[in-house]
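Numbering (my numbering), first residue to last: 99 to 664.
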């Protein structure tokens with residue numbers, strides 16, 4: 099027997115909403131321009147985790163030079179964009195980003211010059227080279243979670259490339275079959291002999307093994323070097339030359355087998371015979387034409403994205419004497435969810451310390467029927483009897499406080515970042531208990547930029563990857579510029595493991611804070627003896643060194659007490 103509640107529909111399945119991106123892509127919009135802007139920001143965030151200079155990522159039609167241009171027509175039409183479409187666009191973006199970092203287009207031009215084939219055969223070699231690079235790039239992405247996205251785009255591209263109008267053997271079919279085998283996430287399919295598992299494989303007349311088994315075996319012979327040896331090579335030029343030599347090492351043997359094969363039913367040379375024209379210009383990256391409505395939406399994307407990620411470089415230069423030494427510093431919103439590392443015992447002790455410097459406020463609740471008698475409400479005794487009150491003391495930090503965490507390369511040492519997360523998360527919650535306006539930032543260096551990232555948002559802690567050089571001076575000044583003007587002295591509590599080794603130096607930041615009545619406090623975390631000396635010279639008495647987590651409350655008390663007299 100079923101109850102009424104069991105018949106209630108509490109969830110509707112939306113077609114197309116199953117996908118990896120559905121997990122992280124929460125900021126959506128039914129408005130085309132906003133949705134396309136937010137998706138582009140998501141694609142940029144994901145691609146930023148690929149090492150190397152990938153440049154800018156834009157939708158085709160947006161003004162930009164030397165950028166990765168993505169065709170938006172694939173995902174436009176339904177808003178919010180279904181996760182399945184986002185997954186495929188993510189996979190394409192990741193592969194394009196790897197193409198940029200591995201200089202695929204440059205080495206393709208070099209390869210074409212080296213083989214120096216007639217136009218008809220050069221076309222076949224170009225398709226071969228492109229597919230070899232696709233295999234290599236997908237194998238690179240398979241080393242991380244990015245491989246899940248490239249797999250989706252690969253499978254859908256292979257499915258779309260199936261051409262029932264052409265008769266095997268064709269070069270396109272051969273290479274797409276090999277792509278699916280060689281770049282498979284398992285990493286072992288290329289070691290197996292090719293077997294036709296398609297519907298055609300059930301008949302000896304249509305089975306593809308007689309055409310493709312030997313060529314695929316030849317193509318698979320370079321996979322061990324492509325997967326394991328090539329990524330070990332340090333220089334991008336050296337890696338590219340290695341791949342180029344690898345592709346050419348089997349090309350002559352493969353060419354003998356596929357020399358007279360057509361590419362597919364769209365072979366430009368076959369089409370040329372039918373229509374009586376010269377060779378058709380083949381462009382695999384050709385973009386679809388957008389409608390007027392789609393173009394209007396894309397034109398709005400650049401304006402929407404332009405509102406984010408402010409750059410502080412010019413403002414920082416205006417605050418220092420040696421402006422030529424200032425490095426580029428800008429805001430960043432690329433974050434990942436952090437694990438909760440709150441130390442409850444430490445949190446309790448820190449709250450006690452912070453409460454000693456907080457301002458006490460007494461809140462009275464009057465007109466109650468019980469509690470402490472309120473002499474100002476005695477006239478109510480013969481009527482309602484609500485002549486009582488209760489008093490409650492609350493504590494508030496009237497000073498604005500910002501925690502600034504060093505997340506540069508030295509913090510990436512084993513367990514050091516985890517220890518830093520435990521300290522800054524616990525300290526921040528203790529501060530926020532008495533000041534809801536408190537904020538938390540981290541800074542690191544990515545691609546010769548000092549990035550300032552807010553890592554506490556809407557009740558959740560986030561994290562960044564510790565990386566790069568330490569530009570503490572620029573980070574402190576940029577943080578100070580983020581403070582709002584108030585009557586009380588604001589505090590910046592800087593957590594670091596070493597002295598600044600990049601940019602304009604800390605002395606400019608200290609002087610800027612002094613002029614603007616901003617109290618700068620520094621906690622040295624896990625510092626070596628040399629760094630303790632350097633930090634002492636930079637910050638004077640406004641630095642304390644955390645050698646033990648249990649000692650943090652007393653060290654914080656020393657900093658806060660000393661700051662009262664400054």
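Yeah, the Cβ is synthetic: ideal placement off N, Cα and C, and Gly gets one too.
Looking at the DSSP output, residue 157 bridges to 168. Around the Cβ of residue 207, a 10 Å sphere holds fewer than 16 other Cβ atoms; the residue is exposed. Within the same chain, 440 and 445 come within 8 Å of residue 527 by CB-CB distance, once the 5 residues on both sides are set aside. Closest in alpha carbon position to residue 531, among 450, 231, 638 and 356, is 450. Excluding sequence positions up to five before and after residue 273, its CB lies within less than 6 Å of the CB of 229, all in the same chain and listed in chain order. By the neighbour-count definition (other C-beta atoms within 10 Å, threshold 16), residue 221 is a buried residue. No Cβ-Cβ contact shorter than 7 Å links residue 409 with residue 424. If you look at residue 548, you'll find it isn't in any alpha helix (DSSP H); it sits in the beta strand (DSSP E) that goes 547-552.
Here residue 543 carries a strand assignment [DSSP, helix/strand/coil]. Assignment of residue 200 by DSSP, reduced to helix, strand and coil, places it in the coil class.
In summary, residue 496 is exposed, with fewer than 16 beta-carbon neighbours lying within 10 Å of its beta-carbon over all protein chains present.
Between the segment 546-556 and the segment 565-574, the count of Cβ pairs shorter than 8 Å is three or higher; the stretches touch. Distance from the CA atom of residue 238 to the CA atom of residue 281, rounded to whole angstroms, is 9 Å.
Taking every protein chain shown into account, the CB of residue 142 has 16 or more other CB atoms within 10 angstroms, so this residue is buried. Remark: three or more beta-carbon pairs, one from each stretch, lie closer than 8 Å, so the segment 553-562 and the segment 423-438 are flagged as touching.
Taking 3 residues as the minimum length, the beta strand (DSSP E) runs contained wholly in the segment 580-647 are 589-594, 617-623 and 641-644, in order along the chain. Taking C-beta atoms as the reference points, residue 509 and residue 486 fail to come closer than 7 Å. Three or more beta-carbon pairs drawn from the segment 194-211 and the segment 336-347 are found closer than 8 Å, and the two stretches are therefore classed as touching. Listed in chain order, the alpha helix (DSSP H) elements of length 4 or more contained wholly in the segment 259-287 are 269-280. DSSP places residue 121 in the uninterrupted alpha helix (DSSP H) bounded by 119-122. Each residue's CA atom was taken as its position, placing residue 498 and residue 253 some 53 Å apart. Closest by C-alpha distance to residue 335, out of 200, 458, 577 and 313, is 200. Residue nearest to residue 251 within the set 582, 599 and 191 is 191 (criterion: CA-CA distance).
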